[in-house]
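2 protein chains.
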Amino acid sequence: MDSAQLLDILGNENRRRILQLLSRRPYYVSEISEQLEVGPKAVIEHLDLLSRAGLVEFYTNNQRRKYCHIAHNIRLEVFVSPHSYEVKSEPVMIDAKERKRLRREYGSTSTLSSFSDELQRLWSLRQELTLAQQSAQAMIEELRDMCAKAIEHIASDYLEAEILQSLMKGAQTTEMLSKELGVPPYEIEKWLYRLEENRVVKKERERWYIN
Amino acid sequence: MDSAQLLDILGNENRRRILQLLSRRPYYVSEISEQLEVGPKAVIEHLDLLSRAGLVEFYTNNQRRKYCHIAHNIRLEVFVSPHSYEVKSEPVMIDAKERKRLRREYGSTSTLSSFSDELQRLWSLRQELTLAQQSAQAMIEELRDMCAKAIEHIASDYLEAEILQSLMKGAQTTEMLSKELGVPPYEIEKWLYRLEENRVVKKERERWYIN
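Protein chains in written order, with the working numbering: chain A, 5 to 215; chain B, 5 to 215.
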């Protein structure tokens, strides 16, 4: 599932409430409708959309009741700042070896309290990683801000500044820059050659770099 | 800004495109409209919404042109899986000491290439942290799955299972459980006392724990 589709799905409050409910256990349509006080027709429409996106699946139990459950492990991350707009979504998957180890360690004899302890441990590990990631992100933002000011100082034109900003993220071909900035390649090149003359950028194997 | 508001904002494709554009540099309305091929009226409506949410701000330059820029550093994280629905959004802030250090280290004499090197380093650090976080998340999901099966085995009823699932996340009062599960407190307590008798849960200082 791509990030745009996921954001479209999560952009609706009732769909968020349905997913939240289904994260507790599988539910059938009229149960969802009752719990959330949303008409069954609307619930069915939301579930159809979620199922077309592959986010939920249905199964029928012994009593021929059709249950719906979440079918995916997905992680979505969004950064928005004066210098960044990044959206990433990816499936969260465990590797087979790790799964085997967990299954061995937490076998059928495990008590709920041993699960609970290990979950608490993993939650605080994840929280620490989140904090470290936020701190890296904060430093990236700060640097990009300083960098934007340095570029403003060098560049004589918006487009020149945008080219430099774009190259800060990594080497790019003229075509990639043209596509990203929505400007014809010849105009991009005009600036790039000027910047090359001033030794601000360099070209290697068809890619432009910050020098 | 709360997560729900942010998800509502990001649920619209044109608003996402506007934010992506503004992450390059400040733009004025007719520029946005032209670049994205979206009518100026619609652009203004989106910007109004973004500005009411505090996500963008306006300023007027010397030529009296009204520019719009992103005013926030925000990180949003969403996990969706058969056993989790977690949405967190928080401002990404650098602490004053770290900012000072960066400003000192990357002063006015820094070249673009030194910024570029440091940014590359921070990006790969962030990427490593993301991978570690995903792996912690995958283990959490796997454990919750095993735990759900163990609970299914113990619990004689959906509600009993839901109470145990909820207590796996941490100690809770009867009131918290009642609110989370949408069930009156006396019904929750009926199950809790039964579970206490079977030594699956225990009560300490008004809070229930997995035993």
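By construction, the Cβ of each residue, glycine as well, lies at the ideal position given by its N, Cα and C atoms. Just so we're clear, the structure is a prediction, and the values are computed from it rather than from any experiment.
Item	Value
Give a yes or no on contact between the stretch 140-160 of chain B and the stretch 84-95 of chain B, applying the rule of three or more CB pairs nearer than 8 angstroms.	yes
Using a Cβ distance threshold of 8 angstroms, determine whether the stretch 14-32 of chain B contacts the stretch 57-74 of chain B, with at least three qualifying pairs required.	yes
Reducing DSSP to helix, strand and coil, say where residue 45(B) ends up.	helix
Thinking residue 66(B) and residue 97(B) are a contact (beta carbons under 8 angstroms), I'd like their distance in whole angstroms, please.	That belief does not hold up - the Cβ atoms of residue 66(B) and residue 97(B) are roughly 31 angstroms apart, past 8 angstroms.
Could you pull out every unbroken alpha helix (DSSP H) segment of at least 4 residues lying fully inside the stretch 33-85 of chain A, listed in chain order?	33-40 and 44-56
Starting from residue 214(B) and walking both ways along the beta strand (DSSP E), at which residues does that stretch end?	211-214
Using 8 angstroms as the limit for Cβ to Cβ distance, is residue 11(A) near chain B?	yes
State the Cα-Cα distance for the pair residue 58(B) and residue 13(B), rounded to the nearest angstrom.	11 angstroms
In this structure, does DSSP put residue 95(B) in helix, strand or coil?	strand
Would residue 190(B) count as contacting chain A if we go by Cβ distances under 8 angstroms?	no
Out of 64(B), 52(B), 158(B) and 36(B), point me to the one whose CA is closest to residue 114(A)'s CA.	158(B)
Can you find a C-beta in chain A that's less than 8 angstroms from the C-beta of residue 14(B)?	yes
Which one of 110(B), 178(B) and 208(B) has the shortest CA to CA distance from residue 194(B)?	178(B)
State the Cα-Cα distance for the pair residue 203(A) and residue 213(A), rounded to the nearest angstrom.	11 angstroms
Rounded to the nearest angstrom, what separates residue 2(B) and residue 90(B) at their Cα positions?	This structure cannot speak to residue 2(B), because chain B is shown only from 5 to 215.
Please decide whether residue 140(A) counts as near chain B, where near means a Cβ-Cβ distance under 8 angstroms.	yes
Run through the stretch 135-192 of chain A for me and flag every whole alpha helix (DSSP H) of 4 or more residues, listed as ranges in chain order.	162-172 and 178-185
Residues in the stretch 118-132 of chain A with C-beta within 8 angstroms of chain B's C-beta atoms, listed in sequence order?	119, 120, 122, 123, 124, 126, 127, 129 and 130
Given that residue 114(B) touches chain A, what residues does it touch there, using C-beta distances under 9 angstroms?	150, 151 and 154
Could you tell me the alpha carbon to alpha carbon distance between residue 200(A) and residue 210(A), rounded to whole angstroms?	13 angstroms
Under a three-way DSSP split, which group does residue 27(A) fall into?	coil
Along chain B, in chain order, which residues have C-beta atoms closer than 7 angstroms to that of residue 28(A)?	166 and 169
Tell me where the alpha helix (DSSP H) around residue 12(B) begins and ends.	7-14
In this structure, how does DSSP classify residue 110(A) when only helix, strand and coil are distinguished?	coil
Relative to chain B, which residues along the stretch 195-210 of chain A have a C-beta separation below 8 angstroms, given in chain order?	204
First and last residue of the beta strand (DSSP E) that includes residue 205(A)?	205-208
Alpha carbon to alpha carbon, how far is residue 138(B) from residue 129(B)? Give it in angstroms, no decimals.	14 angstroms
Kindly indicate which residue of 141(A), 63(A), 55(A) and 117(A) has the alpha-carbon position closest to the one of residue 95(B).	141(A)
Could you give the distance in angstroms between the alpha-carbon of residue 187(A) and the alpha-carbon of residue 215(A)?	23 angstroms
What does the alpha-carbon distance come out to for the pair residue 11(B) and residue 171(A)?	30 angstroms
Just to confirm my understanding: we take residue 155(A), look at its own chain, exclude 5 residues before and 5 after, and list those with CB closer than 7 angstroms. What are they?	165, 168 and 169
So is residue 124(B) buried or exposed if we call it buried at 16+ other beta carbons inside 10 Å?	exposed
Identify every residue that forms a DSSP beta bridge with residue 88(A).	85(A)
Under the rule that 16 or more other beta-carbon atoms within 10 Å means buried, what is residue 107(B), buried or exposed?	exposed
If the cut is a Cβ gap below 9 angstroms, which residues of chain A does residue 68(B) touch?	Chain A residues near residue 68(B): none, gap ~18 angstroms exceeds 9 angstroms.
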